[in-house]
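Chains as they are written, first to last, in my numbering: chain A, 741 to 995; chain B, 764 to 1603. Note sheet for the following structure.
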Amino acid sequence: MRVLVCVKRVPAPGAKINVTADGLAVDTAFLGFATSPHEECAVEAAVQLVEQHGGTATVLTLGPAEAEEQVRYAASVGVHDAVLVRTDGSDWDPQRTARAIAAAVADLEAQGGPFDVILFGNESADSGGFQVGIRVARALGRPVVNGAKRIEIGDGSVRVERPTDDGVDVYALAMPAVVGVKEGINLPRYPTMKGRLASKKVTVTVVDPVDQPGGQRLVSLHTPVEAASATRILGEGPGAAPAVVDLLIEIGVLQ
Amino acid sequence: MIIGAGIVGNCLAGHLTRLGWTDLVLLDKGPLPNPGGSTGHASNFIFPTDHNKEMALLTLESQRQYVDHGMNNTCGGIEVARTEERMEEFNRRMTSAKAWGIEASLLSPAEVKELVPFLDDSVILGGYYTPSVSVVDSLQTGTLMREEAVAGGCRVFANTEVLDIETEGGAVSAVVTDRGRIECQHVAIACGVWSPRIAAMAGATIPLTPAVHQMADVGPIDILQQSGKEVAYPIVRDMDTFCYERQSSGSMEVGSYAHRPIFHHPDEIPSNEESALSPTELPFTADDFDPQMEQALELMGEILDTAEIRYAINGLLSLTPDAMPVLGECVEVRNLWSAAAVWIKEGPGIAQLVAEWMTHGYPHLCDPHTSDISRFYPHERTEHHIRARCAEHFNKTYGIVHPREQWASERGMRRSPFYAREEALGAVFFDARGWERPQWYTSNEALFADYPQANTERPHEWDARWWSPIINAEHLAMRDRVGMVDLTAFNEFDIEGPGAMSALQYIVVNNVDVPVGRSIYTPLLTPHGGFRGDLTILRLAPDHYRVITGAFDGGRDQYWFRKYLPTDGSVTFTDRSQSLCTIGLWGPKAAAVLAKIASPTALHTGATVDVSQAAFPYGTCQDLLIDGIPCTLFRISYVGENGWEIYTRMEHGLRLWDTIAAAGQEFGIVPVGMGVYAVTGRIEKGYRLMGAELESEYDPVEAGLARPKVKSADFLGKQAYLAARAAAEAEGPAATLCTLRITDHASASGILRYPTGGNEPICTVDGQRIVDAKGRVSRVTTAGAAPSLGCYLLMAYLPPQYAVEGTELRVMYMNELYPVEVARVGSQPLFDPDDTRMKS
Chain A
741 MRVLVCVKRV PAPGAKINVT ADGLAVDTAF LGFATSPHEE CAVEAAVQLV
791 EQHGGTATVL TLGPAEAEEQ VRYAASVGVH DAVLVRTDGS DWDPQRTARA
841 IAAAVADLEA QGGPFDVILF GNESADSGGF QVGIRVARAL GRPVVNGAKR
891 IEIGDGSVRV ERPTDDGVDV YALAMPAVVG VKEGINLPRY PTMKGRLASK
941 KVTVTVVDPV DQPGGQRLVS LHTPVEAASA TRILGEGPGA APAVVDLLIE
991 IGVLQ
Chain B
764 MIIGAGIVGN CLAGHLTRLG WTDLVLLDKG PLPNPGGSTG HASNFIFPTD
814 HNKEMALLTL ESQRQYVDHG MNNTCGGIEV ARTEERMEEF NRRMTSAKAW
864 GIEASLLSPA EVKELVPFLD DSVILGGYYT PSVSVVDSLQ TGTLMREEAV
914 AGGCRVFANT EVLDIETEGG AVSAVVTDRG RIECQHVAIA CGVWSPRIAA
964 MAGATIPLTP AVHQMADVGP IDILQQSGKE VAYPIVRDMD TFCYERQSSG
1014 SMEVGSYAHR PIFHHPDEIP SNEESALSPT ELPFTADDFD PQMEQALELM
1064 GEILDTAEIR YAINGLLSLT PDAMPVLGEC VEVRNLWSAA AVWIKEGPGI
1114 AQLVAEWMTH GYPHLCDPHT SDISRFYPHE RTEHHIRARC AEHFNKTYGI
1164 VHPREQWASE RGMRRSPFYA REEALGAVFF DARGWERPQW YTSNEALFAD
1214 YPQANTERPH EWDARWWSPI INAEHLAMRD RVGMVDLTAF NEFDIEGPGA
1264 MSALQYIVVN NVDVPVGRSI YTPLLTPHGG FRGDLTILRL APDHYRVITG
1314 AFDGGRDQYW FRKYLPTDGS VTFTDRSQSL CTIGLWGPKA AAVLAKIASP
1364 TALHTGATVD VSQAAFPYGT CQDLLIDGIP CTLFRISYVG ENGWEIYTRM
1414 EHGLRLWDTI AAAGQEFGIV PVGMGVYAVT GRIEKGYRLM GAELESEYDP
1464 VEAGLARPKV KSADFLGKQA YLAARAAAEA EGPAATLCTL RITDHASASG
1514 ILRYPTGGNE PICTVDGQRI VDAKGRVSRV TTAGAAPSLG CYLLMAYLPP
1564 QYAVEGTELR VMYMNELYPV EVARVGSQPL FDPDDTRMKS
């Protein structure tokens, strides 16, 4: 089978994010870059699908030349082919991004045949638009499900599980299909030293994007005020035990 | 006030507490116990062998302290070689291990594999094994020392950022933080990579740069997991690829010093909040690490192939222009101390050393000569210089560095006015703290025709590196005729004013109350009576003294004088080093050359200059004109010949050089390089050198520099000096500086070897290292040829039972023992013992 996984180069999460003085970009002076966590899981899912069913996994990103780092990372954990839809690094809204990806996918499919499954992350770690996968699916005329926590390939269809508040929704999508993967679906593997070195040899196909402006424009970025949290000291030493017990009862841990 | 709660700051708080300090504050910008500095991500291992004595002693002391805290996990360590050159270096490491008393052995590839079964022994030629290599817990050790300090009254503030350091009258007065202002008498900066930034708040410089050391943690690895230990296998240093593999429980840490130098600026390090991991664990740049990965796979492919890269960082550490720490009181601000550019392996020892320095005025643990912050000249404190030198030496972290190795970067920084002439004469220039000094002149190769005995080859490339037999020829020509030596790198400090004499009496050992025109050769002592300096002072006028000292100690000496000179206006200090140049003119024909060109400064009709010893005695100075150039001439010699140091203003220099060269032509004058001045000429005369023979661990009695009487005036170190003299009188000194002669140079393989003089241990006939009653090891302080004596000499301190002329001993060099004989005990020269030549 042929699996495509789409990823985005984002500032590595985990640290306080500064905004540049003009308010139009993230200040990346101290930041490393990574693949969005949901997408790391999508990459792992793609690799597992071809490990189970054979075939090839391809990674695609839309971004600046530096985004080659992210597709090579995917290659270092088992993806076979890599495609970089290269932009000038400026901010692309979800509509514009989806159009360019859909066009790139169409080109890839024209050359190598259709992808049975196209995987996205549920949302990106930086802008969190929740849109690109759905827009690409619609542009390609394929069924799509977001929030996937389990993916199984059946005969001509893909079975997707999505947890809800009170259970699990199960979908069966006719292939070719698009799936938005949610973190927690798997534990992404780290690259091995051998995998890292092998990824250096993978050819990254660089293509120019089809550029059709979307309807969304970045006006400015703000760092949200951190919600202050108050710490209440219940006591110290064994004397604190009753208060701890009361609290555990209060929040329903103990009855 | 101690700023920085990493391994150094915590241990400094603990050691100061042990030394009786009670009103201490320790603060850090980050949280405790891991504030986010380099300590928090260090690999924490200690390989104790080092060729540098200071670093070796500090590392061993630190390891001892980690043991005391129960934080030292001995696992052994193996440095492996992939090249023959490295195998030779291991012989040198065996020699240094012998010197410092470290157990070590050489291993065959198969023996390495026995200890590290997952290593591919086909890619290595052998190993250097040190069983005492250990992994330490630097965070917990720091915590214990901090707790000890707290028990002694130290207050600790985490999450407290320093915003400013206030000074008053040139000394620190307060530290301003984001949580308030604290008045303090002393401030110690132990902030690692942030140290320059903090020092700058007070207007001081701490010359270091934050630099990246890449490290990746890979695993899980079955064989390591099965060991069930933090470190079950010896740490492997793959020396020729500049990388290491260190077990960390179930995974392996692979670290590299092979990647391109990557520097950061202390003002551009993220805060804890802005860091995904910590401020000193920056995002990994994988491309830089790839070549190392391939090399690691060559060595340990069996276990690393499929191991996952789970954690990888561009870790920040501190690098300095000469790869040594930066310790001591900042030269710009009194009572502002630097304890920076320190690695885990030497942290606790250095903390003790700095604590002693702050308490006693100088450390007792060992001489901090090569770490002293005052060693740097202004151009060496610039970011430009720091980065250039660090870029050059970063990849030498695991390199094979020759004791005479020269820097390639930042050359031509300081040139004497004679430079163009020297260059035309084919000078081979060595760097002396920025000065370009001719080591020898290739034009003097022609001297081999006159002195064929000089043309002795050194058959081993290592012994001949950065050396030429031309040095011998220059030496013999100088002894035979006359030589001229560029001494412009000297430092000259003018100390003037009504208080000059009494101020100098306090700073130096020997009596400076001498007639105008006389000189004083004197040690400077530490408060505990060890050598702090060694220099010459001219009395140019009743209230005017000129201090003359060498290029390598100029910064340190300037600091020392300025620290102890009165500030009441009775004395002025002027650094004239940049305005004066110097030519040494020495040899049997020196007086004849000078007589041709010198004239009195006051020209009376027919006036001539009498340069005889009677009219111009040894050890005195006079102002004369040379071809019209005003000069100060000082009749003295460091090479054992009659002659002068001739000083003039920088702008007259070239004319002075040309005049002397032309006048000397009929006498066969030769330009002579530092190879003669600093080594062959000096060692034949047994002259001592600061930083080599003269260190704070030794006193003037042991160095053979004690005068018959001690002046009545009080001076720094006097009580200790008197005590040392009394003890020596009663029971003899614990060691005496001796000159030894190598009696057989042939190695086991039949090659003649010539020790370079890099702390080679002096051993008993049966190969045992020699340690004196004060715990100091006998080792080579200087080595060099003695062309006029036809032998090769070494200098070393020996305890009394061996300090007997004629005693047969051994010197270890490249892991082999060579027979030596004690040729001289004390300071009497082997060449011209009565100094007849200098005083004739």
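Ideal placement from N, C-alpha and C gives every residue a C-beta, glycine not left out.
Start and end residues, alpha helix (DSSP H) containing residue i
{"i": "Ser816 (chain A)", "result": "Glu808 to Ser816"}
{"i": "Thr906 (chain B)", "result": "Ser901 to Ala914"}
{"i": "Trp1225 (chain B)", "result": "Glu1224 to Ala1227"}
{"i": "Asp1050 (chain B)", "result": "Ala1049 to Leu1067"}
{"i": "Tyr1484 (chain B)", "result": "Lys1481 to Glu1494"}
{"i": "Glu1429 (chain B)", "result": "It is not in any alpha helix (DSSP H) - Glu1429 (chain B) carries neither H nor E in the DSSP assignment."}
{"i": "Leu1468 (chain B)", "result": "Note, Leu1468 (chain B): premise wrong, no alpha helix (DSSP H); not H, not E."}
{"i": "Asn835 (chain B)", "result": "Asn835 (chain B) -> not in any alpha helix (DSSP H); beta strand (DSSP E) instead, spanning Asn835 to Thr837."}
{"i": "Trp1106 (chain B)", "result": "No alpha helix (DSSP H) contains Trp1106 (chain B), which DSSP labels as neither H nor E."}
Sequence-distant residues of the same chain with beta carbon closer than 8 Å to residue i, five excluded per side
{"i": "Thr1422 (chain B)", "result": "Ile1360, Ile1389, Asp1390 and Ile1392"}
{"i": "Gly1454 (chain B)", "result": "His1132, Thr1133, Phe1315 and Asp1316"}
{"i": "Ile1025 (chain B)", "result": "Ala974, Val975, Thr1048, Asp1051 and Asn1077"}
{"i": "Met978 (chain B)", "result": "His804, Ser806, Glu1016, Val1017, Gly1018, Ser1019, Ala1075, Ile1076 and Gly1078"}
Close Cβ partners of residue i (< 7 Å) along its chain, the five nearest in sequence each way excluded
{"i": "Ser1342 (chain B)", "result": "Arg1412 and Met1413"}
{"i": "Ala965 (chain B)", "result": "Ile928, Thr930, Val935, Val1096 and Leu1099"}
{"i": "Pro970 (chain B)", "result": "Thr1083, Pro1084, Val1089, Phe1139, Glu1143, Arg1144 and Ile1149"}
{"i": "Glu1492 (chain B)", "result": "none"}
Nearest neighbour of residue i, chosen from the options [CA to CA]
{"i": "Ile1346 (chain B)", "options": "B:Pro1524, B:Leu1417 and B:Pro1141", "result": "B:Leu1417"}
{"i": "Glu1220 (chain B)", "options": "B:Asn1207, B:Ile1234, B:Asp1213 and B:Ala1209", "result": "B:Ile1234"}
{"i": "Ala1114 (chain B)", "options": "B:Gly800, B:Met908 and B:Thr940", "result": "B:Met908"}
{"i": "Val739 (chain B)", "options": "B:Ser868, B:Gly1189, B:Asp813 and B:Met1577", "result": "There is no way to answer for residue 739 (chain B), as the model of chain B reaches only from 764 to 1603."}
{"i": "Val771 (chain B)", "options": "B:Ala1358, B:Glu1465, B:Gly1112 and B:Glu1119", "result": "B:Gly1112"}
{"i": "His778 (chain A)", "options": "A:Asn862, A:Ala785, A:Gly794 and A:Thr798", "result": "A:Asn862"}
{"i": "Leu1572 (chain B)", "options": "B:Arg1504, B:Val1245, B:Asp1068 and B:Pro1351", "result": "B:Arg1504"}
{"i": "Arg1309 (chain B)", "options": "B:Pro1286, B:Pro796, B:His814 and B:Glu1259", "result": "B:Glu1259"}
{"i": "Gln1482 (chain B)", "options": "B:Glu842, B:Tyr1269 and B:Glu1456", "result": "B:Tyr1269"}
{"i": "Thr1364 (chain B)", "options": "B:Gln1385, B:Ala1039 and B:Gly991", "result": "B:Gln1385"}
{"i": "Glu1465 (chain B)", "options": "B:Lys1472, B:Leu1457 and B:Pro1471", "result": "B:Leu1457"}
{"i": "Leu713 (chain B)", "options": "B:Leu1287, B:Arg1167, B:Ile1311 and B:Thr1443", "result": "The structure shown does not extend to residue 713 (chain B), since chain B spans only 764 to 1603, so no value can be given for it."}
Range of the contiguous beta strand (DSSP E) that encloses residue i
{"i": "Phe810 (chain B)", "result": "Per DSSP, Phe810 (chain B) belongs to no beta strand (DSSP E) and is neither H nor E."}
{"i": "His976 (chain B)", "result": "Thr972 to Gly982"}
{"i": "Ser1014 (chain B)", "result": "Ser1014 to Ser1019"}
{"i": "Met1575 (chain B)", "result": "Glu1571 to Tyr1576"}
{"i": "Cys1344 (chain B)", "result": "Leu1343 to Trp1349"}
Buried versus exposed, by CB contacts within 10 Å (16 or more), residue i
{"i": "Ala1266 (chain B)", "result": "buried"}
{"i": "Gly1091 (chain B)", "result": "buried"}
{"i": "Glu791 (chain A)", "result": "exposed"}
{"i": "Arg1609 (chain B)", "result": "Because chain B in this structure spans residues 764 to 1603, residue 1609 (chain B) falls outside the shown range and cannot be described."}
{"i": "Ile1514 (chain B)", "result": "exposed"}
{"i": "Arg1516 (chain B)", "result": "buried"}
{"i": "Val899 (chain B)", "result": "buried"}
{"i": "Asp1194 (chain B)", "result": "buried"}
{"i": "Val1574 (chain B)", "result": "buried"}
{"i": "Glu1494 (chain B)", "result": "exposed"}
Own chain, CB closer than 6 Å to residue i, minus 5 neighbours either side, in chain order
{"i": "Pro738 (chain B)", "result": "What is shown of chain B runs 764 to 1603, which leaves residue 738 (chain B) out entirely."}
{"i": "Thr1205 (chain B)", "result": "Gly1189"}
With 8 Å as the C-beta to C-beta threshold (strictly closer), list the residues of the segment 746-772 of chain A near chain B in chain order. Ala752, Pro753, Gly754, Ala755, Lys756, Asn758, Ala769, Phe770, Leu771 and Gly772
With 7 Å as the limit, tell me which residues of the segment 1061-1075 of chain B have their beta carbon closer than that to any beta carbon of chain A; keep them in chain order. Leu1067, Asp1068, Thr1069, Ala1070, Glu1071, Ile1072 and Arg1073
Taking a Cβ distance cut-off of 9 Å, strictly less, list which residues of the segment 908-941 of chain A are near chain B, in chain order. Arg929, Tyr930, Pro931, Thr932, Met933, Lys934, Gly935, Arg936, Leu937 and Lys940
Interface positions of the segment 1002-1015 of chain B facing chain A (Cβ-Cβ less than 9 Å), listed along the chain: none
If you measure beta-carbon to beta-carbon, which residues of the segment 1036-1047 of chain B are closer than 8 Å to chain A? Glu1036, Glu1037, Ser1038, Ala1039, Leu1040, Leu1045, Pro1046 and Phe1047
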